[in-house]
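Take a look at the structure set out below.
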Amino acid sequence: MIDNSMTEVTIIGAGISGLLIARHLVDKGASVTLVGPEDKRQQTLCTWRNMRPPEYYNEHVIGRWNTWQFGANDTNIVQQSDSYWYEALDGLSLKIALEQYLSTQPRLTRIKELANTEKKPNQAFQIDTASSSFTSLYLLDSRPPHFSAKGLIQQFYGIATHCDQAHIITKHPILMDFNIPQINPDSVAFIYVIPLGQESVLVEATLFGISTVEESILKNLAQNWIKENCSSKHVNNSLIFEEKGIIPMGPVAFTNNGKPAGIAAGSARQSSGYSLRGLERQIKQFEDFNDLTALSHSPYSSLSTWMDKLFLKVIRNNPSLGKPIFSAMGQSLTGDQFAAFMADDFSIKDGLKIIRALPKIPFLRALVSK
Ligand SMILES: Cc1cc2nc3c(=O)[nH]c(=O)nc-3n(C[C@H](O)[C@H](O)[C@H](O)COP(=O)(O)OP(=O)(O)OC[C@H]3O[C@@H](n4cnc5c(N)ncnc54)[C@H](O)[C@@H]3O)c2cc1C
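Sequential numbering of the sequence shown, starting at 42, is according to this note's numbering.
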């Protein structure tokens, strides 16, 4: 049971963060009002893990792999891990299942409308939607935050397609394939591939950059990769789904009333944009300490936050360094070391090993510059 003063909570935003937080709050005995339209976006959510996720994820697992691959300069680097796996979840089916679970909970009020305003005229927050107006003592806001000018933007366009060569092209995820034409000097682009089954793949063209580009540019990169790598057996009926996103890499600015949650509360790892694991950690902290404010605190260690800032600074100063940096991480680290870094589960000693593997001069410059 949570603290008596905090048994009544409103959450704005019914994306994966709003829904997961609502589920855990309701399970802890809180009365929750969840505000926001149903999030019907297709999302393939991937995470590094060394422990089992909640059981209610099970039916949404697309795959789990203990090997993954990088591609650069026409060579492939495969890493294998003994302790970690890379897991892909069907985020859309998870969101639908969470909505379904919450709809059966008597302590949950669901308003499927946008929040128009949220104010704090006195002790309580006032929330207005098109058809309702109510007050709440505790407000969590998971709407997308503003991106900081100091960070980078991750933009991607993914195409899930039938591909009869899928099992031959790759049996495991390709995290970064840099063997594609680059888009502009302010960014680094790569292809990311997840096997969806024996005969289908998700191919995402991804950009780490200072600004976004036309969506069609990324779509073309993904389509070209598919053309080059997949056979044309299903050419007229190949599309399964598309997904796209723009997520922050770096600090985010929260300017609303209430407390931030999800990406707005820094759940996205600064050097990668992965956020599901961060959100799960925030929820665990909340459950362990019965403290709602844990949902609004960064879930990452000070060591990884420091290293991420350095990474971002180096790549922001010179995006073309993204390719040698990530290739060096692929080549010099073991699968366990790489996954531990990605999962924020590493020691200073491991951190030093990573730094030793990277090009020295840009990192030294970033260290001494403001
Ligand atoms: C296609 C895609 C793939 C991704 N893949 C991964 C991955 O592999 N691994 C990973 O860790 N992360 C991944 N991410 C990052 C991803 O952003 C997060 O995991 C997740 O979406 C974060 O959820 P969130 O609820 O914090 O934010 P969001 O997903 O941004 O949700 C915010 C919600 O707020 C709602 N909203 C906006 N305005 C209002 C309003 N006025 N009133 C009410 N509601 C409002 C929106 O409708 C939305 O549902 C991916 C993102 C996308 C888009």
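All C-beta atoms, glycine included, are put in the ideal place defined by N, C-alpha and C.
By the DSSP assignment, the alpha helix (DSSP H) with residue i in it spans what residues?
i, result
"ASN270", "256-270"
"GLY285", "Note that residue 285 corresponds to Lys in the displayed sequence, not to Gly. Looking at the DSSP string, LYS285 is not in any alpha helix (DSSP H); the run it does join, the beta strand (DSSP E), is 280-290."
"LYS394", "389-398"
"GLN323", "317-330"
"ILE402", "401-409"
"GLN372", "363-373"
"ILE209", "207-210"
Hey, quick one: how far does the beta strand (DSSP E) through residue i stretch, first residue to last?
i, result
"ALA190", "It is not in any beta strand (DSSP E) - ALA190 carries neither H nor E in the DSSP assignment."
"GLN146", "From DSSP, GLN146 is part of no beta strand (DSSP E); its letter is neither H nor E."
"GLY104", "102-106"
"ALA306", "That residue, ALA306, is in no beta strand (DSSP E); it is neither H nor E in DSSP."
"ALA381", "First-last for ALA381: 376-383, but that is the alpha helix (DSSP H), not the beta strand (DSSP E)."
"GLN121", "116-121"
Spell out the partners DSSP gives residue i in its beta bridges.
i, result
"LEU353", "LEU353 is not bridged to any residue."
"GLU49", "SER72"
"GLU159", "ILE168"
"TYR233", "GLU245"
"MET217", "PHE111"
"TRP126", "ARG90"
"TYR179", "VAL50"
"ARG151", "LEU75"
"PHE197", "THR247, GLY286"
"ALA294", "HIS187"
"SER313", "Paired residue(s): none; SER313 is not in a bridge."
"HIS203", "SER241"
"THR85", "ASP131"
"SER228", "GLY250"
"PHE174", "Reading off the sequence, residue 174 comes out as Ser, not Phe. Beta-bridge pairing links SER174 to ASP169."
Please name the residue, chosen from the options, that lies closest to residue i on a Cα-to-Cα basis.
i, options, result
"TYR97", "SER144, ASN358, ALA138, SER410", "ALA138"
"GLU245", "CYS271, LEU216, THR253, ILE251", "LEU216"
"TYR341", "GLY314, ASN157, MET370, GLY371", "GLY314"
"VAL102", "THR108, ILE235, VAL409", "ILE235"
"MET348", "ASP377, ILE395, SER368", "ILE395"
"THR253", "PHE197, GLY238, ILE221", "PHE197"
"PHE382", "VAL355, THR346, LEU362", "THR346"
"ILE416", "HIS203, ILE366, LYS260, THR202", "As shown, the chain starts at 42 and ends at 411. That puts residue 416 outside it, with no answer to give."
"TYR179", "ALA165, THR296, LEU243", "ALA165"
"LYS286", "ILE62, LEU336, GLY59, LEU86", "It should be noted that the sequence gives Gly, not Lys, for residue 286. When only C-alpha atoms are compared, the closest one is LEU86."
"THR116", "ALA384, SER368, GLY392, ASP169", "SER368"
"ASN114", "ILE221, GLN121, ILE62", "ILE221"
"ASP169", "MET92, VAL76, ILE281", "VAL76"
"VAL459", "TRP106, PRO95, LEU130, LEU66", "Lying outside 42 to 411, the shown extent of the chain, residue 459 is not represented and no answer is given."
"ARG90", "GLU128, GLY104, ASN298, VAL293", "GLU128"
"PRO95", "LEU130, GLN121, VAL73, GLN83", "LEU130"
"GLY392", "ALA63, LYS136, SER343", "SER343"
"SER124", "PRO400, ALA380, LYS268", "ALA380"
"GLY250", "ILE62, GLY363, GLY54", "GLY363"
"THR51", "GLU269, SER173, GLU140, LEU181", "LEU181"
"LEU237", "GLU255, ARG357, ASP205", "ASP205"
"GLY54", "PRO292, PHE352, PRO185", "PRO185"
"MET210", "TYR233, LEU193, LYS191", "The identity of residue 210 in the sequence shown is Ile, whereas the question assumes Met. Among TYR233, LEU193, LYS191, the Cα nearest to that of ILE210 is on TYR233."
"VAL126", "ALA156, GLU256, TRP266, ALA384", "The question names Val, yet the displayed sequence has Trp at residue 126. Nearest C-alpha to TRP126: ALA384."
"ALA171", "LYS268, SER177, GLU154", "GLU154"
"GLU140", "LEU193, VAL229, ALA63, SER173", "ALA63"
"GLN84", "ASP377, SER316, SER339, GLY376", "SER316"
"LEU405", "PRO162, LYS136, PRO365, PHE352", "PHE352"
"PRO400", "SER410, ILE366, GLY376", "ILE366"
On the premise that residue j lies in contact with residue i, defined as a C-beta separation below 8 Å, what is that separation, rounded to the nearest angstrom?
i, j, result
"ALA398", "SER373", "3 Å"
"ALA305", "SER183", "6 Å"
"GLN323", "THR247", "Contact doesn't hold; Cβ gap of about 25 Å is too wide."
"PHE327", "LEU333", "6 Å"
"PHE188", "PRO301", "With a Cβ gap of about 14 Å, PHE188 and PRO301 do not count as contacting."
"PRO418", "ASP227", "Past the edges of the chain, shown from 42 to 411, lies residue 418, and the structure says nothing about it."
"LYS350", "GLN311", "7 Å"
"PHE330", "ALA201", "Rounded, the Cβ-Cβ distance is 39 Å, inconsistent with contact."
"PHE219", "GLY112", "6 Å"
"GLY299", "GLU100", "About 33 Å separates the two Cβ atoms, so there is no contact after all."
"ILE152", "THR48", "With 8 Å as the limit, ILE152 and THR48 do not qualify as a contact, their Cβ atoms being about 19 Å apart."
Would you say residue i faces chain D, with C-beta separation under 8 Å as the test?
i, result
"GLY314", "No chain D appears in this structure, which consists of one protein chain only."
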